[in-house]
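Novice:
2 protein chains.
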Amino acid sequence: MLRVSKLTDYGTVILAHMAREPDRTYSAASLAQSIELPISTVSKLLKLLSRSGLLSSCRGKQGGYRLITPPQEISLAKVIEVLEGPVAVTECSRRRGLCQLESHCAIRQQWQGINAVIYQALEHISLETLLEKPRASEKRRVQI
Amino acid sequence: MLRVSKLTDYGTVILAHMAREPDRTYSAASLAQSIELPISTVSKLLKLLSRSGLLSSCRGKQGGYRLITPPQEISLAKVIEVLEGPVAVTECSRRRGLCQLESHCAIRQQWQGINAVIYQALEHISLETLLEKPRASEKRRVQI
DNA sequence: TTTATATAGTACTATTTTAGTACTATATTG
DNA sequence: CAATATAGTACTAAAATAGTACTATATAAA
Chain A
33 MLRVSKLTDY GTVILAHMAR EPDRTYSAAS LAQSIELPIS TVSKLLKLLS RSGLLSSCRG
93 KQGGYRLITP PQEISLAKVI EVLEGPVAVT ECSRRRGLCQ LESHCAIRQQ WQGINAVIYQ
153 ALEHISLETL LEKPRASEKR RVQI
Chain B
33 MLRVSKLTDY GTVILAHMAR EPDRTYSAAS LAQSIELPIS TVSKLLKLLS RSGLLSSCRG
93 KQGGYRLITP PQEISLAKVI EVLEGPVAVT ECSRRRGLCQ LESHCAIRQQ WQGINAVIYQ
153 ALEHISLETL LEKPRASEKR RVQI
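Protein chains in written order, with our numbering: chain A, 33 to 176; chain B, 33 to 176.
1) Give the straight-line distance between the Cα atoms of TYR151 of chain B and TRP143 of chain A, rounded to the nearest whole angstrom.
2) On the DSSP bridge list, what partners appear for SER82 of chain B?
3) Taking 8 Å as the CB-CB limit, is GLY43 of chain B close to chain A?
4) When the cut-off is 8 Å and only beta carbons count, does ILE150 of chain B lie next to chain A?
5) Under the DSSP definition of a beta bridge, which residues are partnered with GLY95 of chain A?
6) Does the beta-carbon of ALA61 of chain B have 16 or more other beta-carbons within 10 angstroms, so that it is buried, or is it exposed?
7) Can you pull out the residues from the stretch 69 to 87 of chain B whose beta carbon lies closer than 8 Å to at least one beta carbon of chain A?
8) Less than 8 Å between the beta carbons of VAL114 of chain A and ILE146 of chain A, yes or no?
9) Is there a Cβ from chain A that is less than 8 Å from the Cβ of MET50 of chain B?
10) DSSP on LEU39 of chain B, reduced to helix/strand/coil?
11) Smallest Cα separation from GLN141 of chain A: which of B:ILE157, B:ALA148, B:ILE139 and B:SER37?
12) Any idea if ARG35 of chain A is buried or exposed, counting beta-carbon neighbours within 10 angstroms, 16 or more meaning buried?
13) How would you call GLU68 of chain A, buried or exposed, if buried means at least 16 neighbouring beta carbons within 10 angstroms?
14) Can you confirm whether GLY129 of chain B, when its beta carbon is compared against all beta carbons of chain A, has any partner nearer than 8 Å?
15) In chain A, which residues lie with their C-beta within 9 Å of the C-beta of ILE112 of chain B?
16) State the Cα-Cα distance for the pair SER59 of chain B and LEU47 of chain B, rounded to the nearest angstrom.
17) Using a Cβ-Cβ cut-off of 6 Å (strictly less than) and excluding sequence neighbours within five positions of LEU162 of chain A, which residues of its own chain qualify?
18) According to a CB-to-CB cut-off of less than 8 Å, which residues of the stretch 96 to 121 of chain A neighbour chain B?
19) Where does SER59 of chain B fall in DSSP's three states?
20) Please compile the residues from chain B whose C-beta is within a distance smaller than 8 Å of the C-beta of ALA64 of chain A.
21) Just how far apart, CA to CA, sit SER88 of chain B and SER37 of chain B?
22) Taking Cβ-Cβ distances shorter than 8 Å, what residues in chain A pair up with ILE46 of chain B?
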């Protein structure tokens, strides 16, 4: 497990789609059609992304949503934070005092390390990166 | 977000506790007392860990649970897999065909990359590591 | 062999989170 | 003013998670 929610996943698909033509305005309806998801769901997500400052919106005819920031500046970490809150693998991995077990728990700091690794990995991927085909030869390595 | 479940978190605390004296046998009751969690919850987890082959069990007086494998050979990745199934950040990140959006989704491979990074980070931490105090100077770096 | 102890298994309930939907209000364009 | 598109809110349904209770079975020691 260790999942992002379906809605977050949809969110990245929506944003990646928009990132192909970053200066266009997309209506909820047209995105829903392109991605084949219910318009209500797409619409809900676009509202959230708009409130969080990732998208600008415009009502009325010719209205729709549009990326505010260039695709290379929007990371997966940002998208996840916007749609489901700060990345925190365990309750105690984000900050102290959230975990009842803390006093008996020698492992908080290790969870924080894991969390940092995950965060960095997510921060490293931008919407632009999402559109690239990954090179087969590419190295993937973690150092802790 | 991007969490492991509370139960998985408890599980790691239990196992880390057992790893301090890896050759001892621990009863569910004594573990529950040490960790200050309800015995029913601890018991449930121990059963799961036992069925999955991480612990051996023995009934009756002097019975209890015990680590089968040395603490340095049990990774967080393993514990998470045992308690909540394979690590998969998105439905499509583990294997093909689980995601309805696949044909419209250019980003599956990138999710798989993220997943690999997370997996490696989790695989790199063992029960033994969990007990160490992390060195302040330690580098944490991710390369994708 | 009996008793106390401890796990095995199962089934169930409650809670929380996630997902999905519906409806009304408001802004924009022509 | 009419058509279109987002804003906001509230709600329902479904799924996952967490927690509990109870019966069965194995073990060890008296």
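The beta carbon of each residue, even a glycine, is placed where N, CA and C say it ideally should be.
The structure presented is a predicted model; accordingly, all values stated were derived computationally and were not measured.
Specialist: Looking at the atomic coordinates:
1) About 14 Å.
2) According to DSSP, SER82 of chain B bridges with nothing at all.
3) Chain A places no beta carbon closer than 8 Å to that of GLY43 of chain B, leaving this residue out of the contacts.
4) At a cut-off of 8 Å between C-beta atoms, ILE150 of chain B counts as an interface residue with respect to chain A.
5) None, per the DSSP bridge assignment.
6) With fewer than 16 other Cβ atoms within 10 Å, it is exposed.
7) Residues of the stretch 69 to 87 of chain B with a Cβ closer than 8 Å to any Cβ of chain A, in chain order: LEU69.
8) At a Cβ-Cβ threshold of 8 Å, VAL114 of chain A and ILE146 of chain A do not count as neighbours.
9) Answer no: the Cβ-Cβ gap between MET50 of chain B and chain A never drops below 8 Å.
10) DSSP places LEU39 of chain B within a helical segment (H, G or I) once states are collapsed to three.
11) It is B:ILE157.
12) Here ARG35 of chain A is buried: its Cβ has 16 or more other Cβ atoms, across all protein chains shown, within 10 Å.
13) Around the C-beta of GLU68 of chain A, fewer than 16 other C-beta atoms lie within 10 Å, and the residue is accordingly described as exposed.
14) Bear in mind that the predicted position of GLY129 of chain B carries a pLDDT of just 44, short of 50, making it unreliable; the figure below should be weighed with that in mind. Chain A, which has no Cβ nearer than 8 Å to the Cβ of GLY129 of chain B, makes this no.
15) Annotation: Cβ neighbours of ILE112 of chain B in chain A (cutoff 9 Å, chain order): MET33 and LEU34.
16) So the alpha carbons of these two residues sit roughly 13 Å apart.
17) Cβ neighbours of LEU162 of chain A beyond the five flanking positions: ALA48.
18) The residues in question are LEU108, ILE112, GLU116, GLY117, PRO118, VAL119, ALA120 and VAL121.
19) If DSSP states are grouped into helix, strand and coil, SER59 of chain B belongs with coil.
20) Residues of chain B passing the Cβ test: none, with the nearest at roughly 12 Å.
21) Cα to Cα, SER88 of chain B sits roughly 24 Å from SER37 of chain B.
22) What ILE46 of chain B touches in chain A, judged by beta-carbon distance under 8 Å, is nothing: the nearest beta carbon there is about 10 Å away.
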